[in-house]
Amino acid sequence: MVYAGRTRGGQGGVGLYLNQKASKSLLGYHPVNDRMISIHLRGKVKDVTVIQAYAPTSNATEEDRELFYSQLQTHVDKYRKDVVVIVGDFNAKVGKRTNKNEKRAIGNFALGERNENGEELVNFAIENGLSIMNTMFQKHPRRLFTWTSPDGNTKNQIDYVLIQQRWKSAISNVRIVTAVMKC
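As numbered in UniProt numbering, the sequence shown has no gaps in its residue numbers, which increase by one up to the final residue, 183.
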């Protein structure tokens, strides 16, 4: 397990669990802050960089959201020669495509109506040639929801997996597991 964030208090932080095979391929990791960490793995064809991110909510200041995407952009730029996979809670509702420019970024299976954070994520994906992979595969809606309100009445898709478009054909399925691991 690699982790970035607070060591006490039970809130804040991001982490990635590596199985034994992935652990043997680990070249290094870079904790950025309590919202972002990356790991670098030796791949068969190219090295792979996985960035785990936790975006600010829509209630956060515009400055906090801009800082998050600026740091994410720095990481994507730094490892552009690798296969870059971004996974995380983006607190974003991407929704359906709104124009033809979004076709490579958003698949046919996104849920809900786009919100402001969703607009930022879609723009980031387009600008960086990324595809939001869990919108590319048809699944039952209950398999797409990644967040449920405390009263159980509202369900949204806010967690996403992004990969460079040139590698998207290497992905045959994406599944988000909604479980909390207490460390």
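Glycine included, each C-beta is placed from N, C-alpha and C at the ideal position. Quantities reported herein were computed from a predicted structural model and do not represent experimental measurements.
* Per DSSP, residue 26 is paired with what? -> According to DSSP, residue 26 bridges with 41.
* Since residue 164 contacts residue 130 with CB under 8 Å, what's their CB separation in whole angstroms? -> 6 Å
* Which class does residue 94 belong to by DSSP, given the choice of helix, strand or coil? -> coil
* How many Å lie between residue 80 and residue 72 at the Cα? -> 12 Å
* Just the C-alpha distance for residue 173 and residue 90, rounded to the nearest angstrom, thanks. => In this structure, the alpha-carbon of residue 173 lies about 20 Å from that of residue 90.
* Asked: Since residue 69 is in the alpha helix (DSSP H), which residue starts that stretch and which ends it?
  -> Residue 69 -> alpha helix (DSSP H) spans 62 to 78.
* Check whether the Cβ atoms of residue 18 and residue 27 sit closer than 9 Å, and answer yes or no. => For residue 18 and residue 27, no; Cβs fall outside 9 Å.
* Three-state secondary structure (DSSP) of residue 122 -> Note: residue 122 maps to helix in three-state DSSP.
* Kindly identify the DSSP beta-bridge partner or partners of residue 170. => Note: residue 170 sits in no beta bridge, so no partner.
* Could you tell me if residue 102 is buried or exposed, where buried requires 16 or more neighbouring beta carbons within 10 angstroms of its beta carbon? => buried
* To do: Rank 37, 53, 138, 25 by C-alpha distance to the C-alpha of residue 108 and give the top, closest one.
  => 138
* Have a look at residue 167 and residue 59 and give me their C-alpha separation to the nearest angstrom. => Rounded to the nearest angstrom, the gap between the Cα atoms of residue 167 and residue 59 is 34 Å.
* To do: Whole angstroms is fine: what's the gap from residue 77's alpha carbon to residue 127's?
  => Cα to Cα, residue 77 sits roughly 12 Å from residue 127.
* Could you tell me which of 134, 151, 38, 175 sits nearest to residue 74, measuring between CA atoms? => 38
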